[in-house]
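Number of protein chains: 2
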Amino acid sequence: MTRAARTIRPAALRGAGWALAAIASAMPALARDALPSWTDGPARQRIVSFVQDVSAPGGRDFVAPAERIAVFDNDGTLWTEQPLYFQLAYVLDRVKAMAPSHPDWQTKQPFKAALEGDARALAAGGDHALMELLMATHAGNTTEEFQSSVRDWLATARHPKFGRPYTELVFQPQLELMDYLRANGFKVYIVSGGGIEFMRAFAERVYGVPPEQVIGSSIRTRYELRDGKPALVRLLEIDFIDDKAGKPVGINQHIGRRPILAFGNSDGDFEMLEWTTAGAGPRLGLLVHHDDAAREFAYDRDSSIGSLDRGLDEAGRRGWVVVSMRNDWRAVYPPVEARN
Amino acid sequence: MTRAARTIRPAALRGAGWALAAIASAMPALARDALPSWTDGPARQRIVSFVQDVSAPGGRDFVAPAERIAVFDNDGTLWTEQPLYFQLAYVLDRVKAMAPSHPDWQTKQPFKAALEGDARALAAGGDHALMELLMATHAGNTTEEFQSSVRDWLATARHPKFGRPYTELVFQPQLELMDYLRANGFKVYIVSGGGIEFMRAFAERVYGVPPEQVIGSSIRTRYELRDGKPALVRLLEIDFIDDKAGKPVGINQHIGRRPILAFGNSDGDFEMLEWTTAGAGPRLGLLVHHDDAAREFAYDRDSSIGSLDRGLDEAGRRGWVVVSMRNDWRAVYPPVEARN
Chain A
1 MTRAARTIRP
11 AALRGAGWAL
21 AAIASAMPAL
31 ARDALPSWTD
41 GPARQRIVSF
51 VQDVSAPGGR
61 DFVAPAERIA
71 VFDNDGTLWT
81 EQPLYFQLAY
91 VLDRVKAMAP
101 SHPDWQTKQP
111 FKAALEGDAR
121 ALAAGGDHAL
131 MELLMATHAG
141 NTTEEFQSSV
151 RDWLATARHP
161 KFGRPYTELV
171 FQPQLELMDY
181 LRANGFKVYI
191 VSGGGIEFMR
201 AFAERVYGVP
211 PEQVIGSSIR
221 TRYELRDGKP
231 ALVRLLEIDF
241 IDDKAGKPVG
251 INQHIGRRPI
261 LAFGNSDGDF
271 EMLEWTTAGA
281 GPRLGLLVHH
291 DDAAREFAYD
301 RDSSIGSLDR
311 GLDEAGRRGW
321 VVVSMRNDWR
331 AVYPPVEARN
Chain B
341 MTRAARTIRP
351 AALRGAGWAL
361 AAIASAMPAL
371 ARDALPSWTD
381 GPARQRIVSF
391 VQDVSAPGGR
401 DFVAPAERIA
411 VFDNDGTLWT
421 EQPLYFQLAY
431 VLDRVKAMAP
441 SHPDWQTKQP
451 FKAALEGDAR
461 ALAAGGDHAL
471 MELLMATHAG
481 NTTEEFQSSV
491 RDWLATARHP
501 KFGRPYTELV
511 FQPQLELMDY
521 LRANGFKVYI
531 VSGGGIEFMR
541 AFAERVYGVP
551 PEQVIGSSIR
561 TRYELRDGKP
571 ALVRLLEIDF
581 IDDKAGKPVG
591 INQHIGRRPI
601 LAFGNSDGDF
611 EMLEWTTAGA
621 GPRLGLLVHH
631 DDAAREFAYD
641 RDSSIGSLDR
651 GLDEAGRRGW
661 VVVSMRNDWR
671 AVYPPVEARN
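The listed protein sequences derive, respectively, from chains A and B.
The first sequence finishes on residue 340 if you use the numbering used here, and the numbering steps up by one all the way, no holes.
The second sequence finishes on residue 680 if you use the numbering used here, and the numbering steps up by one all the way, no holes.
See the structure below:
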């Protein structure tokens with residue numbers, strides 16, 4: 001499969017994906033071919049030997065395919081999260097798009113700050129201000145309307161630093177890793193603090209992760225008839241925050257099994273890695289370290305977004321792999337040609 | 341596969357199940373062989389033509405495998421629910437087992453009524469009393485401890501009418517139907533008002549439905565370290581009720597796609613069938629009608645458990661199939677020999 005095919009999946013292929021994966025898993029997947037964007041360093045070696053160990057029939061560390069569950073954080077792990085979470089960029093753009101129907105927003109905080117791009121005033125409002133913006137842009141519509149809105153936005157919005165669509169700022173080495181895991185019988189889940197319906201709007205097309213394998217934060221929905229047609233309406237109420245100690249809770253709620261591989265990038269993923277790697281048998285915990293200012297961004301302990309502090313301190317003694325974006329990844333993003 | 345193999349799945353086979361299913365789905369599954377416990381009546385004919393229509397490549401009603409989602413209620417649809425929900429039998433047995441550590445229960449309602457088997461006093465306490473018993477027996481332990489407790493109970497408890505283990509009171513025609521659907525590329529989910537962790541304790545072994553395909557009611561859990569080991573602790577708080585209008589909500593939360601087939605048996609399943617069959621393209625809604633006092637139980641509109649009233653009234657005009665247990669099913673339960 002070419003790199004382009006890996007990112008942009010034709011609809012026709014998607015349906016057959018599960019059968020192809022099953023057939024593929026019957027053949028030993030060659031890691032050298034599978035992970036071309038990973039340098040031949042210790043991170044790649046740990047991944048490959050783990051996957052080989054758990055999928056070798058009769059081996060000491062063999063794990064039945066049904067138990068080969070891998071969980072990936074999304075923001076900062078599968079795609080970029082700077083200079084602000086992409087879902088937050090959606091929120092700010094939606095506030096602008098909705099402003100004509102809400103004249104009071106011109107003078108009312110936090111909407112005024114959002115409309116004026118006043119980051120300082122926004123920050124002063126804290127979590128409460130963000131929640132207000134989130135609810136104004138995420139609730140009141142149906143699940144289908146919300147996903148359409150996200151798809152429309154993704155089709156036109158561009159990242160401020162790279163000028164590319166947000167869905168092209170996914171990490172090429174991770175696309176390869178997810179394909180490699182699936183080819184070896186793994187079921188790959190996303191477990192993110194981001195909104196579950198926001199991610200479902202693109203996860204299947206971009207990552208090959210179907211909606212039923214996306215776990216995230218959610219707002220409550222209510223089933224009702226709208227003009228006689230059933231709909232799920234998104235309410236002004238948080239249902240679940242899939243972050244920090246919420247991640248093992250969300251994993252249990254959706255999957256009901258403990259994963260054997262967890263990949264994150266921030267202290268919001270700490271408990272997910274802790275829960276995963278505390279299980280019996282072979283386990284692998286990994287963290288992306290954003291140390292690549294030239295190709296992406298460099299940040300860790302002191303970042304207000306995606307802070308990685310405790311994870312860096314404890315990775316060594318817990319046996320977690322810290323993946324250096326600068327040293328372990330040959331490429332960060334898919335090539336631009338992939339779009340065409 | 342023999343009937344026995346269908347019910348009692350050896351652990352060794354389970355791991356390979358997904359690959360076998362993928363291979364099997366490449367061959368046209370013969371309905372005559374697949375549904376031996378269904379009589380050759382209109383219900384079976386509707387099922388078979390629906391499955392053939394959605395899985396015929398190039399056909400007008402073809403549905404991509406990824407969208408072939410089937411949802412089954414559990415109590416009264418996949419196994420018996422009389423004379424009381426099996427999970428409630430677990431609750432009452434647990435109260436008895438836990439009573440020695442709770443001397444106050446001898447005089448305190450609703451525990452006193454539960455210990456004395458005083459159905460009238462229990463009923464007088466209403467939903468509040470049931471909730472109190474549920475919480476006393478379902479919370480405080482870890483998810484793993486709870487599942488062990490359910491498995492231990494299932495291994496020894498016997499149904500009061502049939503004298504068989506509860507997990508043998510599953511409906512043989514439904515086991516065959518789930519196998520038939522999976523052989524035709526469907527992903528089969530359970531969507532039940534019953535407890536998600538209660539069902540996960542046996543769903544994979546008994547139905548071939550893995551934990552990540554079980555949706556149910558839940559209580560909140562909290563991630564914490566117990567003696568330095570991570571655990572998910574079950575709290576004294578309801579998280580979600582997966583019944584009536586909650587079923588489409590639970591389906592969306594877990595699956596993120598609208599099913600194309602829904603099978604229930606009571607008005608608690610009404611909205612699930614409504615949501616499923618209101619979608620575009622081919623859809624199938626089915627209801628088990630418990631009209632077989634000789635082989636199982638006969639009840640519908642006036643039953644306090646599994647009442648089917650509105651569903652009977654509206655099935656015809658909505659195109660839902662009412663499956664008569666008496667007329668459409670040759671056998672109700674797996675043969676007793678299956679246990680050995």
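Cβ atoms here follow ideal geometry from the backbone N, Cα and C, with glycine treated the same way.
Tell me the DSSP secondary structure of residue i in three-state form.
i, result
"B/Pro440", "helix"
"B/Ser377", "coil"
"B/Glu577", "strand"
"A/Ala294", "coil"
"B/Ser664", "strand"
"B/Ala369", "The predicted model places B/Ala369 with a pLDDT of 49, which falls under 50 and marks its position as unreliable, so this point remains unresolved."
"A/Pro335", "coil"
"A/Phe111", "helix"
"A/Leu78", "coil"
"B/Phe426", "helix"
"B/Ile363", "In this prediction, B/Ile363 scores a pLDDT of 46, lower than 50, which makes its location untrustworthy; the coordinate-derived value is nonetheless stated afterwards. Helix at B/Ile363."
"B/Ala464", "helix"
"B/Phe486", "helix"
"B/Ala469", "helix"
"B/Ile409", "strand"
"B/Leu648", "coil"
With residue i and residue j assumed to form a contact (beta carbons below 8 Å), what rounded beta-carbon distance in angstroms separates them?
i, j, result
"B/Ile530", "B/Gln514", "Going by Cβ atoms, the distance from B/Ile530 to B/Gln514 rounds to 11 Å, so no, they are not a contact pair."
"A/Arg200", "B/Gly596", "5 Å"
"A/Arg220", "A/Asp243", "With 8 Å as the limit, A/Arg220 and A/Asp243 do not qualify as a contact, their Cβ atoms being about 17 Å apart."
"B/Asn667", "B/Gly466", "About 37 Å separates the two Cβ atoms, so there is no contact after all."
"A/Asn252", "A/Gly306", "Contact flag wrong, Cβ pair sits at about 24 Å."
"B/His630", "B/Val663", "Actually they do not touch by this definition, with Cβ atoms about 10 Å apart."
"A/Lys229", "B/Ala602", "At roughly 17 Å, the Cβ-Cβ gap does not stay under 8 Å, so A/Lys229 and B/Ala602 are not in contact."
"A/Asp53", "A/Pro282", "6 Å"
"A/Tyr180", "A/Ala34", "4 Å"
With a threshold of 8 Å between beta-carbons, can residue i be considered close to chain A, or not?
i, result
"B/Trp615", "yes"
"B/Thr561", "yes"
"B/Ala454", "no"
"B/Glu654", "no"
"B/Pro513", "no"
"B/Glu472", "no"
"B/Glu611", "yes"
If we define contact as Cβ-Cβ less than 8 Å, is residue i a contact residue for chain B?
i, result
"A/Val71", "no"
"A/Ala201", "no"
"A/Ala294", "no"
Is there a Cβ of chain E sitting closer than 8 Å to that of residue i, yes or no?
i, result
"A/Ala280", "Protein chains in the displayed structure are A and B, and chain E is not among them."
Using a threshold of 7 Å, is the CB atom of residue i nearer than that to any non-hydrogen atom of the ligand COA?
i, result
"A/Arg120", "This structure simply doesn't include the ligand COA, nor any ligand for that matter."
Starting from the N-terminal side, write out each stretch of the alpha helix (DSSP H) that is 4 residues or longer and does not extend beyond the stretch 263 to 289 of chain A.
270 to 277
Chain B contacts from the stretch 223 to 244 of chain A (Cβ-Cβ distance under 7 Å):
Tyr223, Lys229, Pro230 and Leu232
With a floor of 3 residues, list each beta strand (DSSP E) that falls wholly inside the stretch 149 to 233 of chain A, ordered by position along the chain.
Listed in chain order, they are 187 to 195 and 214 to 226.
Tell me which residues of the stretch 248 to 262 of chain A have at least one Cβ-Cβ distance to chain B shorter than 8 Å, keeping chain order.
Pro248, Val249, Asn252, Gln253, His254, Ile255, Gly256 and Arg257
Determine which residues of the stretch 203 to 217 of chain A have a Cβ less than 7 Å from any Cβ of chain B, and write them out in chain order.
Pro210, Pro211, Glu212 and Val214
Using a Cβ cut-off of 7 Å, which residues of the stretch 143 to 165 of chain A contact any Cβ in chain B, in chain order?
Residues of the stretch 143 to 165 of chain A that bring their beta carbon within less than 7 Å of a beta carbon in chain B comprise Thr143, in sequence order.
Residues of the stretch 387 to 412 of chain B whose Cβ lies closer than 7 Å to any Cβ of chain A, in chain order:
Ala404, Pro405 and Ala406
Beta carbons nearer than 7 Å to chain A: which residues of the stretch 516 to 527 of chain B have them?
Against chain A - using a Cβ distance shorter than 7 Å - the stretch 516 to 527 of chain B contributes no residues.
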